[in-house]
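Asker:
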Amino acid sequence: MNNSSFIGSRKGSLENCKKIAAKAKEKSAMVALGSDCHTSFDVGNFDILGKVLEEVDMPEDLIINTSVEGLIAWLNKNGRHVNYNPSSNI
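In the numbering used here, the protein residues as written are 28 to 117.
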């Protein structure tokens with residue numbers, strides 16, 4: 028789900044994303060969030076998407092990428108083995 032879907036000309040995105048989020052919650056399906064920004068000012072901006080997720084009361088444990096560690100754990104669990112060292116400078 029992308030925050031930028033609500034900005035601009037994507038008609039119906041807000042209602043569509045609410046439906047997707049509600050269905051994901053109902054089915055306990057994992058979702059990933061993105062800002063899909065086109066300028067550096069909006070990297071990590073989830074203002075509108077955050078409100079959508081609050082509105083449907085989306086549990087945080089259904090969001091894959093709330094942290095680097097959570098994303099890495101999900102990838103490893105699903106066959107995409109990633110070696111991650113949080114103390115490295117990468």
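Idealized CB from N, CA, C, for every residue including glycine.
Pull up the distance between the alpha-carbon of S32 and that of P113, whole angstroms please.
Answerer: Counting from one through the sequence shown, the residue named residue 32 turns up at place 5. Counting from one through the sequence shown, the residue named residue 113 turns up at place 86. The straight-line gap from Cα to Cα measures roughly 31 angstroms.
Asker: For N43, report the span of its alpha helix (DSSP H) as first-last.
Answerer: Your numbering for residue 43 matches position 16 in the sequence shown. Counting along the chain, the alpha helix (DSSP H) containing N43 begins and ends at 40–53.
Asker: Quick check: the segment 84–91 against the segment 44–57, are there 3 or more CB pairs under 8 angstroms?
Answerer: Taking 8 angstroms as the limit for Cβ pairs, the verdict is that the segment 44–57 does touch the segment 84–91.
Asker: Assuming I75 is part of the alpha helix (DSSP H), what are its boundary residues?
Answerer: If you number the sequence shown from 1, residue 75 lands on position 48. 74–82 is the extent of the alpha helix (DSSP H) around I75.
Asker: Taking A59 as the reference, which of L80, L41, E42 has the closest Cα?
Answerer: As a working mapping, residue 59 is identified with position 32 in the sequence shown. Of the candidates L80, L41, E42, the one whose C-alpha sits nearest the C-alpha of A59 is L80.
Asker: Between L89 and K52, how many whole angstroms is the CB-CB distance? I'm expecting something under 8 angstroms.
Answerer: The residue labelled residue 89 in the question sits at position 62 within the sequence shown. The residue labelled residue 52 in the question sits at position 25 within the sequence shown. Contact flag correct, Cβ pair sits at about 7 angstroms.
Asker: Between which two residues does the alpha helix (DSSP H) carrying I99 extend?
Answerer: In the sequence shown, counting from the first residue as 1, residue 99 sits at position 72. 95–104 is the span of the alpha helix (DSSP H), which, as asked, contains I99.
Asker: Measure the alpha-carbon distance for S67 versus V95 and round it to whole angstroms.
Answerer: Taking the first residue of the sequence shown as position 1, residue 67 is located at position 40. Taking the first residue of the sequence shown as position 1, residue 95 is located at position 68. The straight-line gap from Cα to Cα measures roughly 20 angstroms.
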